[in-house]
Each structure stands twice: as C-alpha cells, then as structure tokens.
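**Q** In numbering that gives the first Met the number 0, the protein residues as written are 0 to 261. The beta carbon of each residue, even a glycine, is placed where N, CA and C say it ideally should be. What you are looking at is a predicted structure, and each value in this text was computed from that prediction instead of being measured.
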Amino acid sequence: MLLLKHDNEQNIGDLKQGDRILYVDDVTVSFDGFKALNSLSLTIAHQELRCIIGANGAGKSTMMDVITGKTKPDSGNIIFGNAVNLLEMDEPTIAQVGVGRKFQKPTVFEGHTVFENLELAMKADKRFFQTLFTQMSTDEKYKIEQAMELIGLKDSYRISAGILSHGQKQWLEIGMLIMQDPKLLLVDEPVAGMTPGEVEKTGEILTNLAKTHSVVVVEHDMEFIRSIAKKVTVLHEGSVLAEGSMKSIQANEKVRKVYLGE
C-alpha cells in the first residue's frame with residue numbers, strides 16, 4: 000500500500016492532543032503454537048507519553064515488531080491516525096508514514112560528528128557521500144539545531160560520535176530518529192546501562208519530546224518509569240493485564256501478584 004504525502008497529512012495532520020494516533024485492535028501473534036500476543040488491544044493518544052512494562056516474554060518486543068512491520072500477526076488490525084492500517088504496509092512504508100523505532104543498543108556513525116549524524120539521518124533517502132557534500136538549506140540547519148537542543152548535544156556538535164558516552168549515543172540516536180519526522184516513536188529500554196545523571200536527562204528528553212510527538216517507552220527500570228509515567232500499560236502473556244496511573248498500577252492486586260511477585 001503506497002500512501003502519498005498529502006494523503007498522510009490528511010491521515011495524521013489534523014490530530015489534536017489527546018486524539019487517538021494508534022489503535023492496536025485484537026492482535027494475536029503465534030510462534031510454533033506459543034501466543035506471543037494474545038488478542039492484544041490498546042490505544043495510544045497523540046502527544047502522549049505511554050510506558051509499557053511487563054516481565055520477559057510478556058509481549059513487549061513482539062508488540063513493537065508488529066507495529067513497525069517486522070512481524071506479521073495471525074489476526075487483528077493496527078490503525079495509525081484516522082484510517083491507515085499498518086498491517087497493509089511493509090517496514091519502510093510504515094517508517095515513511097510516521098512510525099519510528101529506537102532499539103536498545105544505539106547505532107550511530109561513530110566516525111562522524113554529532114552534526115553529521117543528524118544530517119545523514121535527515122537525508123536518509125540519499126546516498127551516504129552525496130548527503131555529506133550536499134549544501135543544506137537554512138531550514139535544514141535549523142531543524143538540526145533544534146534536535147541538538149532537545150537531546151542536549153548542542154555544545155557537542157563537532158565531537159565525533161565514537162567518543163560520546165553511552166548515554167550521549169542514546170540521545171544522538173533519538174535525535175537521528177527525530178530527523179526522520181516520526182509522529183509516533185517506540186523507544187526500547189532507553190536507560191539501560193546509563194549513569195544516574197544520564198537517566199535523569201533521558202527522562203527530560205522523552206518528556207519534552209512527548210509535547211510534540213506520541214512516545215511509547217518500553218522499560219524495565221521501575222524507578223525511571225515512576226519518574227516519567229503518566230499512564231502505564233502492563234502486559235502479561237501477550238495481553239493487557241492492567242492500565243492506568245503509576246499509583247493505580249502499584250496498587251493493583253493482579254499486577255502485584257503477577258509482575259511484582261507479591
């Protein structure tokens with residue numbers, strides 16, 4: 000399914016804060032008889048920061064794989080924006096219409112500067128060397144500057160990505176994802192291996208990002224989740240076990256028994 004740019008603007012361009020941007024509708028995924036997702040249904044709003052938690056094997060990674068087109072489900076639908084079914088698209092098209100994913104391990108061009116990494120991400124449709132030697136417009140430079148400001152690397156724009164700390168590389172990859180203009184970002188375990196200061200900064204970045212984007216964070220670090228979460232979804236055996244504020248999740252008897260081991 001090819002979605003033209005103006006069609007996609009009609010699909011997501013008029014969304015307001017709180018409007019539904021993603022609807023996972025009764026999705027089931029089986030691997031050799033094991034149901035990784037079992038009639039999973041959930042809704043993500045525009046400009047929402049949603050945290051997804053669950054034990055290993057709960058279905059978190061499979062959920063992201065299905066949303067981004069890496070895995071095809073046995074049944075169900077995934078509606079993005081007003082009317083687009085992501086299951087009718089391949090991975091590149093899903094990324095093109097505005098769904099971005101950041102994996103746990105950062106992947107940056109270590110031999111290039113922070114600025115060049117963002118430039119390459121912005122012009123991902125062009126050849127590598129063509130991108131580096133193409134004159135940028137004023138708007139493109141401004142876009143990169145805004146991204147560097149958001150991820151806290153504005154003063155490091157000339158530094159090679161290879162000498163950045165682990166946390167800074169994670170922030171740079173978030174910036175690279177932003178350069179591709181996603182409306183929905185799926186972020187997998189963003190604070191794994193970070194220092195306490197880097198964890199705090201990552202929380203600030205994701206919170207600020209959710210002012211203009213929809214952000215779904217999958218994370219095991221419960222202290223970090225408590226620091227950023229407004230709404231939390233708990234997955235268990237491929238389905239939603241509970242959903243609500245962090246306070247309500249912590250008080251939920253089913254969650255305490257299944258996830259917290261109490």
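Suppose only complete runs of 3+ residues qualify. What are the beta strand (DSSP E) ranges in the stretch 131 to 202, listed by chain order?
**A** Entirely contained in the stretch 131 to 202, the beta strand (DSSP E) runs reaching 3 residues are, in chain order, 183 to 187.
**Q** Whose C-alpha, out of THR42, VAL190, GLN179, is nearest the C-alpha of TRP170?
**A** Within the sequence shown, residue 170 is the residue found at index 171, counting from 1. When each option's Cα is compared against that of TRP170, the closest is VAL190.
**Q** Beta-carbon separation of ALA146 and ASN116 under 7 Å?
**A** Counted from its first residue, the sequence shown places residue 146 at position 147. Counted from its first residue, the sequence shown places residue 116 at position 117. Cβ atoms of ALA146 and ASN116: not closer than 7 Å.
**Q** Return the chain-ordered list of same chain residues with a C-beta closer than 8 Å to the C-beta of ILE77, the five sequence neighbours on each side being excluded.
**A** Locating residue 77 in the sequence shown gives position 78, counting from the first residue. Excluding positions up to five away in sequence, the list reads LEU21, TYR22, VAL23, ASP24, VAL26, VAL65, ILE66, ASN84, LEU85, LEU86.
**Q** What residues match up with LEU234 in a beta bridge as DSSP calls it?
**A** On the sequence shown, position 235 is the one that residue 234 refers to. VAL239.
**Q** Could you pull the DSSP bridge partners for LYS34 from this structure?
**A** Numbered from 1 along the sequence shown, position 35 holds the residue referred to as residue 34. For LYS34, which the question treats as bridged, DSSP gives the partners SER29.
**Q** Tell me which residue opens and which closes the beta strand (DSSP E) that ASN116 is part of.
**A** Position 117 of the sequence shown, counted from the first residue, corresponds to residue 116. Where ASN116 is concerned, there is no enclosing beta strand (DSSP E), although the alpha helix (DSSP H) it sits in stretches over 113 to 121.
**Q** Over the uninterrupted alpha helix (DSSP H) stretch that includes PHE223, give me the two end residues.
**A** Residue numbering aside, residue 223 sits at position 224 when the sequence shown is read from its first letter. Here the alpha helix (DSSP H) through PHE223 covers 221 to 227.
**Q** Taking one C-beta from the stretch 50 to 60 and one from the stretch 227 to 246 each time, how about it: are there three or more such pairs within less than 8 Å?
**A** A contact exists between the stretch 50 to 60 and the stretch 227 to 246.
**Q** Taking only the alpha-carbon atoms, compute the straight-line gap between SER40 and VAL254 and give it to the nearest angstrom.
**A** Translated into the one-based positions of the sequence shown, residue 40 becomes position 41. Translated into the one-based positions of the sequence shown, residue 254 becomes position 255. C-alpha separation (whole angstroms): 18 Å.
**Q** Going by other Cβ atoms of all chains shown within 10 Å of its Cβ, with 16 needed for buried, is TYR258 buried or exposed?
**A** Looking up residue 258 in the sequence shown gives position 259. Buried, since its Cβ has 16 or more Cβ neighbours within 10 Å.
**Q** Just verifying my parser: in three-state terms, what is the DSSP assignment at LYS101?
**A** Position 102 of the sequence shown, counted from the first residue, corresponds to residue 101. Reduced to three states, the DSSP call for LYS101 is strand.
**Q** To the nearest whole angstrom, what separates the beta carbons of LEU152 and GLY174, a pair I think is in contact under 8 Å?
**A** For the purposes of this step, residue 152 is identified with residue 153 of the sequence shown, where counting begins at 1. For the purposes of this step, residue 174 is identified with residue 175 of the sequence shown, where counting begins at 1. So it is a contact: roughly 7 Å between Cβ atoms.
**Q** Please work out which residues of its chain come closer than 6 Å, Cβ to Cβ, to MET245, disregarding the five sequence neighbours upstream and downstream, and give them in chain order.
**A** Here residue 245 refers to the residue found at position 246 of the sequence shown. Around MET245: ARG225, ALA228, VAL231.
**Q** So, for SER155: in the same chain, excluding its five sequence neighbours on each side, which residues have a beta-carbon less than 6 Å away from its beta-carbon?
**A** Position 156 of the sequence shown, counting from 1, holds the residue named residue 155. Taken in chain order, the residues that qualify are VAL113.
**Q** Considering only residues of the stretch 33 to 85, which uninterrupted beta strand (DSSP E) runs meet the minimum length of 3 residues and lie entirely inside it, listed in chain order?
**A** Qualifying beta strand (DSSP E) stretches, in chain order: 33 to 44, 48 to 52, 74 to 79.
**Q** Can you tell which of ILE11, GLN134, GLU144 has its C-alpha closest to the C-alpha of ALA82?
**A** Counted from its first residue, the sequence shown places residue 82 at position 83. Cα-wise, what sits closest to ALA82 is ILE11.
**Q** Does the Cβ of GLU148 have 16 or more other Cβ atoms within 10 Å, making it buried, or fewer, making it exposed?
**A** Numbered from 1 along the sequence shown, position 149 holds the residue referred to as residue 148. Exposed, since its Cβ has fewer than 16 Cβ neighbours within 10 Å.
**Q** Indicate the three-state DSSP secondary structure (helix, strand or coil) for VAL254 in the structure shown.
**A** Mapped onto the sequence shown, residue 254 falls at position 255. Of the three classes helix, strand and coil, the one that applies to VAL254 here is helix, per DSSP.
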